[in-house]
Amino acid sequence: MPVFDDQLAQRIDTYIESLFVPPDPILSANIANAEAAGLPPINVTPNQGKFLHLLALIAGARRVLEIGALGGYSTTWLGRALPADGRLITLEFSPVHAATARKNLAAAGLDGIAEVIVGDAAESMKAMIDAGEQPFDLIFIDADKLGYVKYLNLAMQLSRPGTVIVADNIIRNGAVMEKNPEDSNAMGAKAYNAAIAAHPRLESIALPMFMEKIDGMAISLVK
Ligand code: SAH
Ligand code: DHB
Ligand code: MG
188 MPVFDDQLAQ RIDTYIESLF VPPDPILSAN IANAEAAGLP PINVTPNQGK
238 FLHLLALIAG ARRVLEIGAL GGYSTTWLGR ALPADGRLIT LEFSPVHAAT
288 ARKNLAAAGL DGIAEVIVGD AAESMKAMID AGEQPFDLIF IDADKLGYVK
338 YLNLAMQLSR PGTVIVADNI IRNGAVMEKN PEDSNAMGAK AYNAAIAAHP
388 RLESIALPMF MEKIDGMAIS LVK
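By the working numbering, the letter at position 210 of the sequence shown is numbered 397, and the numbering carries on one by one without gaps.
Structure below.
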């Protein structure tokens with residue numbers, strides 16, 4: 188089997204970053220604050236953040252929902268794509284992660300449009316559905332991978348035709364191709380990929396992304 192050249196992939200990632208993602212003190216501080224607070228370094232990469240930002244711009248998004256805030260790194264990229272009267276809701280189980288995200292979003296000047304809701308994301312989404320929350324323009328799924336299919340079904344109820352649904356970590360270095368992945372993250376991602384592929388109201392693709400390992404994002408358009 189051909190060996191994945193992780194050094195070449197890393198160099199390409201750095202090349203892309205040097206072209207399209209200028210150094211940004213707010214984003215650097217975001218990562219430093221998350222590390223200082225003991226958060227795991229599982230935020231999206233700078234290039235992936237730029238990609239999310241661009242997707243939100245292309246979608247003309249005014250209302251974004253994120254599932255899994257961590258320290259608010261991807262949240263900041265998404266929030267910066269929104270107009271001044273936009274709305275960004277991010278759902279986070281951990282109070283420590285949520286507090287870090289709030290601090291980082293305030294430092295980015297996004298506290299006026301971004302809200303961090305603490306609790307189980309599925310419960311928060313059900314509450315939003317029950318409250319008649321308006322549909323979102325873009326939904327980014329990036330919390331516990333075994334919950335992805337559940338989040339997808341709830342996300343459909345917070346969508347309209349034209350909503351873009353994006354999910355992170357859907358390749359897991361190819362482990363999603365195993366018949367029965369041992370890794371629970373890959374198991375959840377595999378089920379998610381199958382669910383969006385079969386969904387009658389979604390047009391989708393999975394996009395591999397090369398970093399130190401191969402992961403990727405799935406993009407779906409609600410029909
Ligand atoms: N989107 C972030 C990374 C998120 S990491 C970024 O790229 O910057 C995944 C996050 O999901 C973690 O902070 C974790 O605490 C949170 N999470 C895990 N299970 C959850 C659940 N059931 N409900 C809400 N958040 C959850
Ligand atoms: C991991 C990476 C992620 O982007 C994430 O959301 C969760 C876990 C990981 O590599 O373990
Ligand atoms: Mg992720």
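Ideal Cβ positions, reconstructed from N, Cα and C, are used throughout, including at glycine.
A quick note: this is a predicted structure, and the numbers were derived from the prediction, not measured.
Secondary structure at arginine 289: helix, using DSSP grouped into helix, strand and coil. The C-beta separation of alanine 256 from glutamate 222 comes to about 16 angstroms, leaving the pair out of contact by the 8 angstroms criterion.
Sequence-distant partners of serine 391 (beyond 5 residues in either direction) whose C-beta falls short of 8 angstroms from its own C-beta, in its chain, are Ile383, Ala384, Ala405, Ile406, Ser407 and Leu408. Looking at the backbone, the Cα of proline 270 and that of glutamine 344 are separated by about 24 angstroms.
Remark: three or more beta-carbon pairs, one from each stretch, lie closer than 8 angstroms, so the segment 355-362 and the segment 328-347 are flagged as touching. For the alpha helix (DSSP H) assignment, the uninterrupted runs of no fewer than 4 residues enclosed by the segment 210-258 are, from N- to C-terminal side, 212-223 and 233-245.
Judged by their CB atoms, leucine 214 and valine 251 are not nearer to each other than the 9 angstroms cut-off. With respect to the 9 angstroms criterion, asparagine 234 and tyrosine 260 are not classified as neighbours on the basis of their beta carbons. An exposed status is given to threonine 201, since fewer than 16 other beta-carbon atoms sit within 10 Å of its beta-carbon. Per DSSP, threonine 350 is not a residue of any beta strand (DSSP E), being assigned neither H nor E. No heavy atom of ligand 1 is found nearer than 8 angstroms to the CB of glutamate 302.
Rounded to whole angstroms, the Cβ separation of valine 336 and leucine 242 is 21 angstroms, and the two are not in contact under 8 angstroms. By the neighbour-count criterion, in which a residue is buried when 16 or more other Cβ atoms sit within 10 angstroms of its Cβ, valine 303 is buried. Distances between the C-beta of asparagine 367 and the heavy atoms of ligand 3 are all 8 angstroms or more. Phenylalanine 397 is bridged by DSSP to Ile401.
Out of Ala378, Arg388 and Asn217, the CA that lies nearest to the CA of glycine 349 is found in Arg388.
For valine 231, the distance from the CB to the nearest heavy atom of ligand 2 is below 8 angstroms. Its chain contains no residue whose beta carbon lies nearer than 6 angstroms to that of glycine 334 once the 5 sequence neighbours on both sides are disregarded. When secondary structure is reduced to three states using DSSP, valine 336 falls in the helix class.
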